[in-house]
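Here the sequence shown stands for residues 1 to 456, numbered as in full-length UniProt numbering.
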Amino acid sequence: NSNLKQGTSPPRHHSRWPHHRHPPCVDNSEVSQSHLWCLSHPSASLHQHSTSIMTVPLSPILRTAVWVVAAPLGLYFTFLALGATPFFQRHFLYAHKINTLWWRDVDKPERWGFAKGQATPFSLDTPDGVSLYAWHVMPLPQYLKQEERFSVQKGGFCQDFTETESFKALKEDPDARVVLSFHGNAGDIAQGHRPDSYHVITDTSSYHVLAIDYRGFGHSTGHPTEYGLIQDAATLIDWVINVAGVPSDRIVLLGQSLGTAVTSGVAELYASQGIEFGGVILVAGFSNLPKMLSGYKIGGLFPVLGPLKVWPGFLEYMEGFIYDKWPSVDRLESLVKLTKRRLRLTLISARDDADIPWTESNKLFRAAANATVPGGLSDHSFEAWKDVRTIHKGKNAFVTTWNAEPNIIIRQELFPHGGHNDIMGYAPVILAVMRSFDLAGTAYDMAGSDTSSRTL
1 NSNLKQGTSP
11 PRHHSRWPHH
21 RHPPCVDNSE
31 VSQSHLWCLS
41 HPSASLHQHS
51 TSIMTVPLSP
61 ILRTAVWVVA
71 APLGLYFTFL
81 ALGATPFFQR
91 HFLYAHKINT
101 LWWRDVDKPE
111 RWGFAKGQAT
121 PFSLDTPDGV
131 SLYAWHVMPL
141 PQYLKQEERF
151 SVQKGGFCQD
161 FTETESFKAL
171 KEDPDARVVL
181 SFHGNAGDIA
191 QGHRPDSYHV
201 ITDTSSYHVL
211 AIDYRGFGHS
221 TGHPTEYGLI
231 QDAATLIDWV
241 INVAGVPSDR
251 IVLLGQSLGT
261 AVTSGVAELY
271 ASQGIEFGGV
281 ILVAGFSNLP
291 KMLSGYKIGG
301 LFPVLGPLKV
311 WPGFLEYMEG
321 FIYDKWPSVD
331 RLESLVKLTK
341 RRLRLTLISA
351 RDDADIPWTE
361 SNKLFRAAAN
371 ATVPGGLSDH
381 SFEAWKDVRT
391 IHKGKNAFVT
401 TWNAEPNIII
411 RQELFPHGGH
421 NDIMGYAPVI
431 LAVMRSFDLA
441 GTAYDMAGSD
451 TSSRTL
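See the structure below:
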């Protein structure tokens, strides 16, 4: 520049960029062609700069955090998608193929502590051609009276139970009382706590126990459905009444978990035919399957529909995909209304049940109790009544009893311990059986006295 004075430096280029940095398109020269182009095309410069930022890889920690959140969600929604199909839903709900038959022989009940000949495996055929695997467990006091007679019986699976000494003892006893046990989902007739529950009932009383594996469970054939399981229970009841000759008023129906839904269904079925039982006992029951699943946890850990509570609309949508509804709350209401002579209904739950919330029992109790009142009670009236008539038996334990005409006793008991399964071997269950039989068949046998009006 001719205007520049000799010996003076040209004016420094004043950039908005710090002296140690350059704009995205600037090289180390003061003013380059690319710099001029960038200044004249600012949007292109910004795009090039933002692209370079977006291509920066995620840090390992952030990437791990994304997977920690995304992987469980992906698995959960995959589980929901599979569970919406009939095939997978049946296996998820009933878990009937989960058992230990590969390394345990249920044809040898002695493995679970029964005396030789005390428990007999046999089978029953349903009207629709399904073969049900069953156990008959004789009460030890009766076994003791003729131990040699029963202990010499051939062990293992019995092809014709009616030919055994055990069956003859049951049929020939005019005072025989029978507990029909309907287990929960998964496993088989001898899985986990189940043999212990048979022991509790038969070890010191005169009660026989008959238990079955539903269709598709254990050695039984077929596959489980709501209608099918109720038919299985009816097959056992018909056999006890018509073949073994035990009248219905000397039969107690005992269900646990899924078995409470089976028991409610079959009790309602027979009540509609005018047939009433000595007692109906539901342990760890639930109101209906779709609503129960919103609080149910598999193994006490894995929630089924619980996470969807934050989206009520989607939760209701998913409930519509459940095929077997098991509406026990409606069936108990119907059972009470159909009762003409006598009903002993007992609802038992453990406070520490991690699988089915004990509050489900409240729904069952309310439905059954309200069924005895024309028009039912309002929420406020019912809670006020229940509060006055509830006996608290310590922390997390209470008993509420409802008496109604003609001779109905509905009892709800919350026990502090026992979880979902162990409760079956605890005192509340065997006491409920005794109450159902009005103490007959125990050391406090009151069969000879009038106990129909007693409140126990």
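Note that the Cβ used here is the ideal one computed from N, Cα and C, for glycine as well.
| Item | Value |
| --- | --- |
| Going by the DSSP bridge assignment, what does SER181 pair with across the sheet? | ALA211, LEU254 |
| For PHE398, which beta-bridge partners are listed by DSSP? | HIS392, LEU414 |
| Could you please give me the residues that DSSP links to HIS136 through a beta bridge? | THR120, LEU210 |
| On the CB-based measure, 16 or more other CB atoms within 10 Å of its CB, does THR339 come out buried or exposed? | buried |
| How about TRP135 and ILE189: do their beta carbons lie closer than 7 Å? | yes |
| Using only the alpha-carbon positions, how far apart do ALA170 and PHE87 sit? | Note that residue 170 corresponds to Leu in the displayed sequence, not to Ala. Each residue's Cα considered, the two are about 40 Å apart. |
| Hey, is the stretch 270 to 277 in contact with the stretch 191 to 211, meaning 3+ C-beta pairs nearer than 8 Å? | no |
| Only counting the same chain, and skipping five residues up and downstream in sequence, which positions put a Cβ closer than 7 Å to that of LYS386? | THR400 |
| Quick one: Cα of VAL246 to Cα of TRP239, how far? | 9 Å |
| Going by alpha carbons, who is nearest to ALA211 out of TRP326, THR263, GLY222, THR390? | THR263 |
| Mapping the DSSP letters down to three states, classify SER52 as helix, strand or coil. | Only weak support exists for where SER52 lies, its pLDDT of 47 falling under 50; the coordinates are left without a value. |
| Give me, in chain order, the residues of the same chain whose beta-carbon lies closer than 7 Å to that of LEU289; leave out the 5 immediate sequence neighbours on both sides. | ILE322, ASP324, LYS325, TRP326 |
| Using only CA atoms, which one of ARG342, ASP352, SER361 lies nearest to SER328? | SER361 |
| Please name the residue or residues paired with ALA404 in a DSSP beta bridge. | ILE408 |
| Evaluate GLN159 with the Cβ neighbour count: other Cβ atoms within 10 Å of its Cβ, from every protein chain shown; 16 or more gives buried, anything less gives exposed. | exposed |
| Going by other Cβ atoms of all chains shown within 10 Å of its Cβ, with 16 needed for buried, is TYR227 buried or exposed? | exposed |
| Three or more C-beta pairs under 8 Å: does that hold for the stretch 243 to 257 against the stretch 139 to 154? | no |
| With a 10 Å radius around its C-beta and 16 neighbouring C-beta atoms as the bar for buried, classify ARG111 as buried or exposed. | exposed |
| Mapping DSSP to helix, strand and coil, what is LYS283? | The sequence shown places Val at residue 283, rather than the Lys named in the question. The answer is strand: DSSP assigns VAL283 an E or B state. |
| Measuring straight from C-alpha to C-alpha, what distance separates PHE182 and ARG104? | 21 Å |
| Suppose contacts are defined by Cβ-Cβ distances below 7 Å. Is TYR94 in contact with PRO224 by that definition? | yes |
| What residue ranges within the stretch 334 to 395 form continuous alpha helix (DSSP H) runs of no fewer than 4 residues, ordered along the chain? | 359 to 370, 379 to 389 |
| Going by the beta-carbon positions, is the gap between LEU282 and LEU236 smaller than 7 Å? | no |
| Using the Cα positions of ARG435 and LEU140, report the straight-line distance between them to the nearest angstrom. | 20 Å |
| Between GLY155 and LYS108, which are expected to be in contact by the criterion C-beta below 8 Å, what is the C-beta distance as a whole number of angstroms? | 7 Å |
| Look at the alpha carbon of SER43 and the alpha carbon of PRO60, and state the distance between them as a whole number of angstroms. | With a pLDDT of 49 at SER43, under the threshold of 50, the modelled position of this residue cannot be trusted; read the value that follows with caution. Using only the alpha carbons, I get a separation of about 32 Å. |
| Buried or exposed: where does ALA427 fall if 16 or more other Cβ atoms within 10 Å of its Cβ makes it buried? | exposed |
| With a threshold of 7 Å on Cβ separation, who are the neighbours of ILE391 within its own chain once the five nearest residues in sequence on each side are excluded? | PHE398, VAL399 |
| Provide the residue(s) that pair with ASP125 in DSSP beta bridges, ordered along the chain. | SER131 |
| In three-state terms, what does DSSP make of GLY278? | coil |
| Could you check if LYS337 is buried or exposed, using at least 16 other CB atoms within 10 Å of its CB as the buried criterion? | exposed |
| Using only CA atoms, which one of GLU163, GLN118, GLN191 lies nearest to SER151? | GLN118 |
| Report the residue from GLN191, ASP125, THR359 whose alpha carbon sits nearest the alpha carbon of THR100. | GLN191 |
| Please report the residue range of the alpha helix (DSSP H) in which residue 499 lies. | The structure shown does not extend to residue 499, since the chain is modelled only from 1 through 456, so no value can be given for it. |
| Please confirm whether HIS417 and ASP353 have their CB atoms less than 7 Å apart. | no |
| In this structure, does DSSP put HIS199 in helix, strand or coil? | helix |
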